[in-house]
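Colleague: The following block contains the structure, expressed as structure tokens.
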Amino acid sequence: MPTTSDTRAPAPPPAPARNTGSAPPVKARRKPRRSRRTPTWLLALRYAALVLVLLIMIGPFLWQLSTSLKGATEDIFTSPPRLLPEHPTWDNYQGVADIIPVWDYILNSLKVAVTNVLTNVIGAAMAGYALARLRFKGRAAASLVFVLALLVPMEAIMIAQFATMRTLDINDTLVAVVLPGCIGAMNVLLMRNAFSNIPFEIEEAAIVDGANVWQRFVKVALPAVKGTLAVVAIFAFMGAWDDFLWPLIVLSDSDNFTLTVGLNFLHGTFANNQRVVAAGTIIAVAPLIVMFAGLQRFFFRGVGEGAVKG
Numbered sequence: 037m038p039t040t041s042d043t044r045a046p047a048p049p050p051a052p053a054r055n056t057g058s059a060p061p062v063k064a065r066r067k068p069r070r071s072r073r074t075p076t077w078l079l080a081l082r083y084a085a086l087v088l089v090l091l092i093m094i095g096p097f098l099w100q101l102s103t104s105l106k107g108a109t110e111d112i113f114t115s116p117p118r119l120l121p122e123h124p125t126w127d128n129y130q131g132v133a134d135i136i137p138v139w140d141y142i143l144n145s146l147k148v149a150v151t152n153v154l155t156n157v158i159g160a161a162m163a164g165y166a167l168a169r170l171r172f173k174g175r176a177a178a179s180l181v182f183v184l185a186l187l188v189p190m191e192a193i194m195i196a197q198f199a200t201m202r203t204l205d206i207n208d209t210l211v212a213v214v215l216p217g218c219i220g221a222m223n224v225l226l227m228r229n230a231f232s233n234i235p236f237e238i239e240e241a242a243i244v245d246g247a248n249v250w251q252r253f254v255k256v257a258l259p260a261v262k263g264t265l266a267v268v269a270i271f272a273f274m275g276a277w278d279d280f281l282w283p284l285i286v287l288s289d290s291d292n293f294t295l296t297v298g299l300n301f302l303h304g305t306f307a308n309n310q311r312v313v314a315a316g317t318i319i320a321v322a323p324l325i326v327m328f329a330g331l332q333r334f335f336f337r338g339v340g341e342g343a344v345k346g
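Take any residue in the sequence shown, note its place counting from 1, add 36, and you have its number in the numbering used here.
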């Protein structure tokens, strides 16, 4: 006889879902927030402030440029001041060359500035990489020394530097002009911060591939900090090109004068032609503008330095 469990009826199959023809519920989308438009008066105020700052920054340069192009018969002290010259002329630039050997001074300044750029870029990059990536005793103390070096003004150690140059018997030479600023403490700290932002995984991959320290420095680290290198190059060039006090102290032979020192001869005791002085100023500023225009693309790339590129 069948047992009680055998006589149980099988469970009915589940009933099929009814097709009601309605789509599955859709979540309500959030309405995008409406962007608040800046009031017109606030935009006008911002642009007015930018124009004001622009005039303050480039106003003296434009005035010097205008003065350098004005002829001898044109009054440069007229009121109200007139920016555009009536009869532009290049005679003032020729006057600079007649008073001083401007091309020799420019060559001396280029020698000093280019050497300063090379020594700062190479030396600061090597020192910054060592402080950021290498492990050695006294690394923290070395970083502190560079920070403390920024607190010492140049005027406080100028006499000691001059005595050192005389002891080395290199005073009154361009080498003495370059040597004190061949590696700047600020440039070392800039390079240290740039190298610190590079992910360590990149160098670890290079170590696995068998790269030594120099290969990691040249092939991995340097290409990632091009923006900071451009910043260091610009700062080093500007510092060497515009330096006046140290070359004036250490140089005595007029054949070795840099441009900033040589332009001082445009101010005579009994004659002082402001048009010629303005022309000399434009000659001194022009290389800085050219250099910044050539390196500004790398200069502004320094913001995203050290990021991993896919």
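C-beta atoms are modelled at their ideal positions from N, C-alpha and C, and glycine is treated no differently.
Because the structure is a prediction, the values reported are computed rather than measured.
With a floor of 4 residues, list each alpha helix (DSSP H) that falls wholly inside the region 206-275, ordered by position along the chain.
Modeller: You should have 210-214, 221-232 and 236-244.
Colleague: Using the beta-carbon count (16 or more within 10 Å), is PRO283 buried or exposed?
Modeller: Position 247 of the sequence shown, counted from the start, is the residue given in the question as residue 283. Buried is the call here.
Colleague: Measuring alpha carbon to alpha carbon, tell me which residue in ASP278, TRP277 and GLY298 is nearest LEU287.
Modeller: Locating residue 287 in the sequence shown gives position 251, counting from the first residue. The shortest Cα separation from LEU287 among ASP278, TRP277 and GLY298 belongs to GLY298.
Colleague: Is the beta carbon of LEU331 less than 8 Å from the beta carbon of ALA266?
Modeller: Locating residue 331 in the sequence shown gives position 295, counting from the first residue. Locating residue 266 in the sequence shown gives position 230, counting from the first residue. It is a contact, given that the beta carbons lie within the stated cut-off.
Colleague: If the criterion is Cβ atoms closer than 8 Å, does the pair PHE124 and LEU105 meet it?
Modeller: Along the sequence shown, one-based indexing puts residue 124 at 88. Along the sequence shown, one-based indexing puts residue 105 at 69. The residue you asked about is not Phe; residue 124 is Pro in the sequence shown. Yes, they are a contact pair.
Colleague: With 16 as the cutoff for other CB atoms within 10 Å, does VAL188 come out buried or exposed?
Modeller: By 1-based counting over the sequence shown, the position of residue 188 is 152. It is exposed - the Cβ of VAL188 has fewer than 16 other Cβ atoms within 10 Å.
Colleague: Please classify TRP126: does DSSP put it in a helix, a strand, or coil?
Modeller: The count along the sequence shown starts at 1 and reaches residue 126 at position 90. Coil.
Colleague: Considering LYS147, what are the terminal residues of the alpha helix (DSSP H) in which it resides?
Modeller: Taking the sequence shown and counting its residues from 1, the one referred to as residue 147 is at position 111. Where LYS147 is concerned, the enclosing alpha helix (DSSP H) stretches over 138-169.
Colleague: Would the region 152-160 and the region 254-270 be scored as touching if the rule is three or more Cβ pairs under 8 Å?
Modeller: Verdict: yes, contact present.
Colleague: Between THR151 and VAL214, how many whole angstroms is the CB-CB distance? I'm expecting something under 8 Å.
Modeller: Residue numbering aside, residue 151 sits at position 115 when the sequence shown is read from its first letter. Residue numbering aside, residue 214 sits at position 178 when the sequence shown is read from its first letter. Their Cβ separation, rounded to whole angstroms, is 5 Å, which keeps THR151 and VAL214 in contact under 8 Å.
Colleague: For ARG72, which three-state DSSP category applies?
Modeller: As a first step, residue 72 is located in the sequence shown; it is residue number 36 there, counting from the start. Three-state result, ARG72: coil.
Colleague: Can you tell me which of LEU295, PHE335 and ALA322 puts its alpha carbon nearest to the alpha carbon of ILE135?
Modeller: Walking along the sequence shown from the start, residue 135 turns up at place 99. Comparing Cα positions, the closest option is LEU295.
Colleague: What are the start and end residues of the alpha helix (DSSP H) that includes VAL297?
Modeller: To locate residue 297, count along the sequence shown from 1; it is residue 261. Note, VAL297: alpha helix (DSSP H), 295-298.
Colleague: Could you pull the start and end residues of the alpha helix (DSSP H) that LEU120 belongs to?
Modeller: Here the question's residue 120 lines up with position 84 in the sequence shown. Here LEU120 belongs to no alpha helix (DSSP H), and DSSP marks it neither H nor E.
Colleague: For chain C, find out if any of its Cβ atoms is closer than 8 Å to the Cβ of VAL326; answer yes or no.
Modeller: Here chain C cannot be found, since the structure has a single protein chain.
Colleague: Rounded to whole angstroms, what is the Cα-Cα separation between PRO121 and ALA314?
Modeller: For the purposes of this step, residue 121 is taken as the residue at position 85 of the sequence shown. For the purposes of this step, residue 314 is taken as the residue at position 278 of the sequence shown. The straight-line gap from Cα to Cα measures roughly 14 Å.
Colleague: Which of helix, strand or coil does DSSP assign to ASN292?
Modeller: Mapped onto the sequence shown, residue 292 falls at position 256. Three-state result, ASN292: helix.
Colleague: So the alpha helix (DSSP H) GLY316 belongs to, where does it begin and stop?
Modeller: The sequence position of residue 316 within the sequence shown is 280, counting from 1. Taken as a continuous stretch (DSSP letters only), the alpha helix (DSSP H) holding GLY316 covers 310-335.
Colleague: Give the DSSP-derived three-state secondary structure of GLY107 in the structure shown.
Modeller: Within the sequence shown, the letter at position 71 stands for residue 107. It is coil, neither helix nor strand.
Colleague: If you drop the 5 nearest sequence neighbours on each side, which residues of the same chain put their C-beta closer than 8 Å to that of PHE198?
Modeller: What you label residue 198 is simply residue 162 of the sequence shown in a count that begins at 1. ASN207, ILE285 and VAL286.
Colleague: Since ARG252 and ALA242 should fall inside the 8 Å C-beta cutoff, what is the C-beta to C-beta distance between them, to a whole number of angstroms?
Modeller: Here residue 252 refers to the residue found at position 216 when the sequence shown is read from its first residue. Here residue 242 refers to the residue found at position 206 when the sequence shown is read from its first residue. Their Cβ separation, rounded to whole angstroms, is 5 Å, which keeps ARG252 and ALA242 in contact under 8 Å.
Colleague: Beta-carbon within less than 8 Å of LYS255's beta-carbon, same chain only, minus the 5 sequence neighbours each way: which residues are those?
Modeller: Along the sequence shown, read from residue 1 onward, the residue named residue 255 stands at position 219. The answer, listed in chain order, is ALA242 and ALA247.
Colleague: Helix, strand or coil for PRO189 per DSSP?
Modeller: Within the sequence shown, the letter at position 153 stands for residue 189. Correct three-state label for PRO189: coil.
Colleague: Whose CA, out of ALA276, VAL249, LEU258 and VAL244, lies closest to the CA of PRO216?
Modeller: Here residue 216 is taken as the residue at index 180 of the sequence shown, counted from 1. Nearest of ALA276, VAL249, LEU258 and VAL244 to PRO216, Cα basis: ALA276.
Colleague: Roughly how many whole angstroms lie between the Cα atoms of LYS33 and ALA166?
Modeller: As displayed, the chain neither begins before 37 nor continues past 346, which places residue 33 out of reach and without an answer.
Colleague: So is ILE94 buried or exposed if we call it buried at 16+ other beta carbons inside 10 Å?
Modeller: Residue 94 sits at position 58 when you count from the first residue of the sequence shown. When all chains shown are included, ILE94 counts as exposed.
Colleague: Report buried or exposed for LEU143, applying the criterion of at least 16 other Cβ atoms within 10 angstroms of its Cβ.
Modeller: One-based indexing of the sequence shown puts residue 143 at position 107. Exposed is the call here.
Colleague: Evaluate MET190 with the Cβ neighbour count: other Cβ atoms within 10 Å of its Cβ, from every protein chain shown; 16 or more gives buried, anything less gives exposed.
Modeller: On the sequence shown, position 154 is the one that residue 190 refers to. Counting Cβ neighbours within 10 Å, MET190 comes out exposed, since fewer than 16 surround it.
Colleague: Please check the pair SER102 and LEU119, which I expect to be a contact at CB under 8 Å, by giving their CB distance rounded to whole angstroms.
Modeller: The residue given as residue 102 occupies position 66 in the sequence shown. The residue given as residue 119 occupies position 83 in the sequence shown. Rounded, the Cβ-Cβ distance is 5 Å, consistent with contact.
Colleague: Taking the alpha-carbon positions, what's the ARG202 to TYR129 distance?
Modeller: Position 166 of the sequence shown holds residue 202. Position 93 of the sequence shown holds residue 129. Rounded to whole angstroms, ARG202 to TYR129 spans 37 Å at the Cα level.
Colleague: From ASP289, PRO117, ILE195 and ARG175, pick the residue whose C-alpha is nearest to that of LEU210; which is it?
Modeller: Looking up residue 210 in the sequence shown gives position 174. Nearest C-alpha to LEU210: ASP289.
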